[in-house]
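Student: For the sequence shown, the numbering used here begins at 552 and goes up steadily by one.
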Amino acid sequence: MIIIGLILIILIIACIVGNLFVIIAIIVERDLRNRPHYYLIFSLAVADLLVGLIVTPLGAWTTVVRSWKFGVILCDFWISMDVLVCTSSILHLVAIALDRYWSITDITYVQNRTPRRIFSMLAIVWVVSLLISVAPIFGWKDADFLDRVKKQHVCLISQQISYQVLCQPSSFSLSKLFSHNQSLLILKISNIKVIRIILSPYFSARPSFFFF
Numbered sequence: 552m553i554i555i556g557l558i559l560i561i562l563i564i565a566c567i568v569g570n571l572f573v574i575i576a577i578i579v580e581r582d583l584r585n586r587p588h589y590y591l592i593f594s595l596a597v598a599d600l601l602v603g604l605i606v607t608p609l610g611a612w613t614t615v616v617r618s619w620k621f622g623v624i625l626c627d628f629w630i631s632m633d634v635l636v637c638t639s640s641i642l643h644l645v646a647i648a649l650d651r652y653w654s655i656t657d658i659t660y661v662q663n664r665t666p667r668r669i670f671s672m673l674a675i676v677w678v679v680s681l682l683i684s685v686a687p688i689f690g691w692k693d694a695d696f697l698d699r700v701k702k703q704h705v706c707l708i709s710q711q712i713s714y715q716v717l718c719q720p721s722s723f724s725l726s727k728l729f730s731h732n733q734s735l736l737i738l739k740i741s742n743i744k745v746i747r748i749i750l751s752p753y754f755s756a757r758p759s760f761f762f763f
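Pasting the structure below:
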């Protein structure tokens, strides 16, 4: 368990330091601050930094001692923070995928990508994540939650089936869907460019043939 604990500590430090570097770089570099899409990366780094500062340390300690010793209130807080920042991190990836997708498919998007538009995306990401994370605190949890924490000393996310089915898979499904579609689009555009390179000698006299 000592080795596992050391590995977890190294991972936590790497998570904190790495995301701090990203945040500081965006704050310090004016060129990055002037590009609205970097706000998405900045917000993602903040979410991941919170994972390293709050969520992972408590999770690592529980893994090492194999028991939850911090009571019901802190368990509620820890689970809510876990769901908040992890869901937010996933939805940030969806937002970044959408931003990349629109940049490729809509030639006017980059010119119209204003800070207000990016902040609207970030607001949706954080509000949805917050609603999902606080739902168990307001009663959307299984009946065995209190006994599980007090008697079994186990702190788990709500095992209520409706919460598991409706809230958790949606975030992962959205991330997978948009990432998959973005990959297909990039592959399609790459294939078009390859075809243009291969056929360009045969149609050099008619450049308008390659309108796309």
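Note that the Cβ used here is the ideal one computed from N, Cα and C, for glycine as well. As the structure is a prediction and not an experimental result, all values here were calculated from the model.
Expressed to the nearest angstrom, what Euclidean distance is found between the alpha-carbon atoms of Y660 and W653?
Tutor: The alpha-carbon atoms of Y660 and W653 are separated by roughly 6 Å.
Student: What residue does the alpha helix (DSSP H) around I577 start on, and which one ends it?
Tutor: Here the alpha helix (DSSP H) through I577 covers I553 to V579.
Student: Residues in its own chain within less than 8 Å of Q710 by CB, not counting five upstream and five downstream?
Tutor: Correct list, in chain order: K692, D693, D695 and F696.
Student: Could you say which of L625, K701 and M632 lies nearest to S684 if we only look at CA atoms?
Tutor: It is M632 whose Cα lies nearest to the Cα of S684.
Student: Which whole-angstrom value is the C-beta distance of I563 and T613, which I expect to be below 8 Å?
Tutor: The Cβ separation is near 13 Å, so there is no contact.
Student: Taking the Cβ atom as the reference point for each residue, do D627 and I688 lie within a distance shorter than 7 Å?
Tutor: Going by C-beta atoms, D627 is nearer than 7 Å to I688.
Student: Have a look at A646 and W677 and give me their C-alpha separation to the nearest angstrom.
Tutor: Using only the alpha carbons, I get a separation of about 11 Å.
Student: Could you compute how far the alpha carbon of F670 sits from the alpha carbon of S618?
Tutor: When rounded, the distance between both Cα atoms is 40 Å.
Student: With a threshold of 16 other CB atoms inside 10 Å of the CB of S713, please say whether the residue is buried or exposed.
Tutor: So S713 counts as exposed.
Student: Hey, would you say V636 sits closer than 7 Å to V679, going by beta carbons?
Tutor: In this structure, V679 does not lie closer than 7 Å to V636 by Cβ.
Student: Excluding five sequence neighbours on each side, which residues of the same chain lie with their C-beta closer than 6 Å to the C-beta of L595?
Tutor: Excluding sequence neighbours, L595 sits near H643.
Student: When the Cα of L600 is compared with those of P666, V634, R581 and V568, which residue comes out closest?
Tutor: Of P666, V634, R581 and V568, the residue nearest in Cα terms is V568.
Student: If distances are taken between C-alpha atoms only, which option among D698, N663 and G610 comes closest to G556?
Tutor: When only C-alpha atoms are compared, the closest one is G610.
Student: What did DSSP end up calling S766 once you bin it into helix, strand or coil?
Tutor: With the chain represented from 552 up to 763, any question about residue 766 goes unanswered, as that position is not in the structure.
Student: Using C-beta distances below 6 Å, list every residue in its chain close to I553, excluding the 5 sequence neighbours before and after it, in chain order.
Tutor: Nothing meets the Cβ criterion.
Student: Give a yes or no on whether the C-beta atoms belonging to I575 and Y589 are separated by under 7 Å.
Tutor: Their beta carbons are not under 7 Å apart, which means I575 does not touch Y589 by this criterion.
Student: With H, G and I counted as helix, E and B as strand and the rest as coil, what does DSSP make of V705?
Tutor: In this structure, V705 counts as coil in the three-state DSSP scheme.
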